[in-house]
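Chemist: Line by line, the protein sequences are chains A and B. In case it helps, this note's numbering puts the first sequence at residues 148 to 586. In case it helps, this note's numbering puts the second sequence at residues 8 to 292. Note that beta-carbon positions come from the ideal geometry of N, C-alpha and C, so glycine has one too. Quick caveat: nothing in here was measured; it's all calculated off a predicted structure.
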Amino acid sequence: MSEQSTNREIAIKLSSVKKQYKLGQIGGGTLTADLQSWWARRRGKEDPNTKIGQDQRLIGQTFMALNGIDLTVYKGEALGIIGGNGAGKSTMLKLLSRVTAPTEGEIDIYGRITSMLEVGTGFNGELTGRENVYMNGAILGMTKAEIDAKMEDIIEFSEVREFIDTPVKRYSSGMYVKLAFSIAAHLDSEIMIMDEVLAVGDMAFQKKCLDKMREVAKKEGRTVLYVSHNMNTIRQLCDRCVVLEQGKVVFEGNVEEAITIYLNKTDDEFSCLNDLSKRDRPKSSTNKAFMQQIAFLNKTKAVCTRGEFLKIKLDWIAKANLSDVKFRMIVRYRDDSPVGLVQSESLGNFSVDETQITNLEFDTSMLAEGKYFFSIALFQSDEVGNSVILDHVTRACSIEILNNTEDKKILNWEHRWWGSIRFPSLKILNQGFIKDGNH
Amino acid sequence: MEENTNKQYHTHITSKHKLFSLNLKEVWQYKDLIVLFTKRSFTLTYKQTVLGPAWIFLNPLISGLIYAFVFGGIAGIGTDGVPAILFYLTSNAVWTFFAACVNKNASTFTSNAGVFGKVYFPRLTTPISNVLSSIIQFGIQILLVLGFLIYYLAVGEVSPNWIAWIFIPIEIVHLGLLGLGVGIIISSLTTKYRDLTVLVTFGVQLWMYITPIVYPMSQLNMGLMKTILMINPVTAPVEAIRYAILGQGTIMPIYLVISWVLTIAVTMFGIMIFNKVEKTFMDTV
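(1) For the pair the region 253-267 of chain B and the region 80-91 of chain B, tell me if three or more CB-CB distances fall below 8 Å.
(2) Verify whether the separation of the beta carbon atoms of asparagine 168 of chain B and alanine 91 of chain B is less than 8 Å.
(3) Mind checking which residues open and close the alpha helix (DSSP H) that includes valine 264 of chain B?
(4) Check the C-beta distance from valine 489 of chain A over to arginine 479 of chain A and give it rounded, since I have them as a contact under 8 Å.
(5) Suppose you measure from the CA of alanine 82 of chain B to the CA of arginine 308 of chain A; what does that come to, to the nearest Å?
(6) Taking the alpha-carbon positions, what's the valine 152 of chain B to alanine 247 of chain B distance?
(7) Relative to the C-alpha of serine 118 of chain B, which candidate in B/Lys32, B/Tyr95 and B/Arg201 has its C-alpha closest?
(8) Excluding the five sequence neighbours on either side, which residues of its own chain have a C-beta within less than 7 Å of the C-beta of valine 535 of chain A, listed in chain order?
(9) Note down, in chain order, each residue of its chain lying with its Cβ closer than 8 Å to the Cβ of arginine 317 of chain A, except the 5 sequence neighbours on either side.
(10) Between the Cα of phenylalanine 49 of chain B and the Cα atoms of B/Lys38, B/Phe145, B/Val77 and B/Ala120, which residue gives the shortest distance?
(11) Whole angstroms are fine: how far does the CA of isoleucine 548 of chain A sit from the CA of leucine 514 of chain A?
(12) Taking Cβ-Cβ distances shorter than 8 Å, what residues in chain B pair up with valine 246 of chain A?
(13) Which residues in the same chain have their Cβ closer than 6 Å to the Cβ of glutamine 201 of chain A, if we skip the five residues on either side of it in sequence?
(14) Determine the burial state of asparagine 282 of chain B: buried for a count of at least 16 other Cβ atoms within 10 Å of its Cβ, exposed for fewer.
(15) Helix or strand or just coil, what does DSSP make of glutamine 255 of chain B?
(16) Does chain B have any CB closer than 8 Å to the CB of tyrosine 373 of chain A?
(17) Cutting at 8 Å between CB atoms, please list the residues of its own chain near threonine 270 of chain B, excluding the five before and the five after it.
(18) Contact check, isoleucine 280 of chain B vs serine 195 of chain B under 8 Å by CB: the rounded distance?
(19) Quick one: give me the first and last residue of the beta strand (DSSP E) that tyrosine 480 of chain A is part of.
(20) Can you grab the Cα-Cα spacing for the pair leucine 43 of chain B / isoleucine 340 of chain A, in whole Å?
(21) According to DSSP, glutamate 224 of chain A sits in a beta bridge with which residue or residues?
(22) At 7 Å on the CB atoms, spell out the chain A contacts of leucine 40 of chain B, in chain order.
(23) What distance in whole Å lies between the Cβ atoms of threonine 208 of chain B and serine 140 of chain B, which are believed to be in contact at a cut-off of 8 Å?
(24) Can you confirm whether methionine 282 of chain A, when its beta carbon is compared against all beta carbons of chain B, has any partner nearer than 8 Å?
(25) Can you pull the chain A neighbours of lysine 286 of chain B, defined as C-beta to C-beta under 8 Å?
(26) I'd like to check one pair, leucine 457 of chain A with leucine 226 of chain A: are the Cβ atoms closer than 8 Å?
(27) Could you tell me whether the Cβ atoms of alanine 100 of chain B and isoleucine 193 of chain B are closer together than 8 Å?
(28) Are there 16 or more other CB atoms within 10 angstroms of the CB of methionine 322 of chain A, so buried, or fewer, so exposed?
(29) Around the Cβ of histidine 17 of chain B, are there at least 16 other Cβ atoms within 10 angstroms (buried) or fewer (exposed)?
(30) For aspartate 335 of chain A and tryptophan 172 of chain B, I'd like the C-alpha separation in whole angstroms.
(31) What three-state label does DSSP hand glutamate 588 of chain A in the structure shown?
(32) What are the partner residues of alanine 465 of chain A, as DSSP defines its beta bridges?
(33) Pull up the distance between the alpha-carbon of leucine 537 of chain A and that of leucine 494 of chain A, whole angstroms please.
(34) Looking at the strands, I want to know which residues DSSP matches up with aspartate 510 of chain A.
(35) Run through chain A and tell me which residues come within less than 9 Å of serine 166 of chain B, C-beta to C-beta.
(36) Going by DSSP in three states, tyrosine 95 of chain B sits in which element: helix, strand or coil?
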């Protein structure tokens, strides 16, 4: 491997790159506030702009988002970058796309870089699709002549031909993404940076994007850097993978190995008691209820043998008068692939500010061995079956399912190929051998 | 053997930055982007409006009339024998141009944070296109001025200095540079201090009153006010342009030179801190 790689052309080389961020408030934000603080400090008085209860130690403290990254990316390879939240993935891509500069270290880039950190960057709602193609292409470094030459291909690939002369503010989010991806995919850059751009768009288009990216890397010899939380797309696209943790490269090499290492790192989230009061809520939630805590009652560790019943205790508050509240859990395997949905019957009607403790029981017998995350929600259903989300927490809790004694006869469950549902065994109704010519 | 093909696109990023690097070559590579930015600022202004591009003429015409009414009519400030409407249209065109350069550039970083935070392109393209679109806007306003000029020439109420017209493009570039310099200095500071934006609005208004825009220089006697006016780097270019178009006022070579020196200093300083800020402003904005 190393012998081979020394002969390969280098696309990107990072040498001991560090990026430091200041923690806490960066200045007062306004000139008057800063002058006030400065004057107060001069006279030895208390800073009037300090927030009460703010940890003084945090002021002036720094945080290393990247703590000495050494990495070489070779020409024509598709490199996956994975790591938990705050591992430094996005910071690294920001440095490479030259949005911000490193605090220490050097980066050498051989080739032009196109970054698609977020889809539709620089799109202006008032401009038409075509105008935005010119605009976006130019922002990404293409000249007008280059865009003209590629215009047909871009429109063709984007699947939005009928709407190309309509202002993009009238586009659906899917069309937006298709057009944006199409522009980036047709750039003449040698290096492409992608940060989970495939999160939107329909399935067919996602597949088309992945194929296009593979084609870009394999046939055209371009280099692709891909960041994602979705291990399946990493598997499909990348031929090498890097695991980042706390601003450092902890693994570099084979994709499957990297994914295993990354997934094992996330284990420390496993706990029986999960405080939800400080967790983020998605925009789609109406916040008419507030889930405070979810706990597994009959457990000391969040580990279960398959077939065991998991007793769940949910503490929550109704923030409005609610009728017919239901609870549901979306089960995802640890690589973020969805497994299934389980929901409760109606919990009943509740009036505002009532604190509730709801005890539930979950049958684990359908889950194959492995680690799972639950995204939980309280919701109501309307007449036509649409659900109104009252409160939702993504990855609220997690559990590890172990094989029961019978299961051990099948050794490793291959989640990648088989999914994660283990249906009840097939029943054998009857069987016998057919006698010749006589049924 | 390696890096043979890509050498032309080699980029080297370090934590250090040069104090003064213009990167004009890179800006030139992105000239199409500058053109598009400039175009966009026009298309966006007049999309979904009833009168559309007619506003380009209506706007200066209305403010010219208001100035003529308030300052010429009510306040009774003389215009050195030049027809009031022509005087105010010309002055207003020049000032609008300069003020637009300052105001638009003053928010370069904050209003483009969305794009700047996602992709790299030479940041200087934004202020440059701001100045360019202001120049075009000025050109359109001058067409309006020309219309009135032809009328008053026919009537014989105005006598332009045709030779001095050569100063007009030079002084417009001059004012454009000054506006760019002041604007990007402010924009570099606003990444940290948001309240400067408020100051800019007031500052530019105040600046107009210490520039001979709504009154001719001749209205002032010697004194502190006149000294302030003369040091003001906008005064000399404004006077020169009005001298050419209206044949009113004077060209003041010494003050023009002083103004140029100041302009170059401000622009250099502006680009210097702009360069410093653009590297890491995403971390603080």
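Modeler: In brief:
(1) yes
(2) no
(3) 260-287
(4) Between valine 489 of chain A and arginine 479 of chain A, the beta carbon gap of about 12 Å keeps them out of contact (Cβ cut-off 8 Å).
(5) 60 Å
(6) Per the coordinates, the alpha-carbon of valine 152 of chain B lies some 16 Å from the alpha-carbon of alanine 247 of chain B.
(7) The option with the nearest alpha carbon to serine 118 of chain B is B/Arg201.
(8) Excluding residues within five positions, the ones whose Cβ falls inside 7 Å are Thr433, Phe526, Gln527 and Asp529.
(9) Phe310
(10) B/Phe145
(11) One C-alpha to the other measures close to 7 Å.
(12) Phe123, Gly124, Lys125, Val126, Tyr127 and Met289
(13) Note that glutamine 201 of chain A scores a pLDDT of 47, beneath 50, so its modelled location is shaky; the value from the coordinates is reported in the next line. No residues qualify anywhere along the chain.
(14) When all chains shown are included, asparagine 282 of chain B counts as buried.
(15) coil
(16) With 8 Å as the cut-off, tyrosine 373 of chain A does not count as an interface residue toward chain B.
(17) Same-chain partners within the cutoff: His181, Leu184, Leu185, Gly188 and Pro240.
(18) 5 Å
(19) 469-480
(20) Straight-line Cα distance between these residues: approximately 24 Å.
(21) Glutamate 224 of chain A pairs with nothing; no bridge assigned.
(22) Ala285 and Ile286
(23) That belief does not hold up - the Cβ atoms of serine 140 of chain B and threonine 208 of chain B are roughly 20 Å apart, past 8 Å.
(24) yes
(25) Thr247 and Ala248
(26) no
(27) no
(28) buried
(29) exposed
(30) 46 Å
(31) Nothing can be reported for residue 588 of chain A: it is not among the residues displayed for chain A, which extend from 148 to 586.
(32) Assignment of beta-bridge partners to alanine 465 of chain A by DSSP yields A/Ala436.
(33) 13 Å
(34) A/Phe456, per the DSSP bridge assignment.
(35) By Cβ distance, chain A contributes nothing, its closest Cβ being about 45 Å from serine 166 of chain B, past 9 Å.
(36) In this structure, tyrosine 95 of chain B counts as helix in the three-state DSSP scheme.
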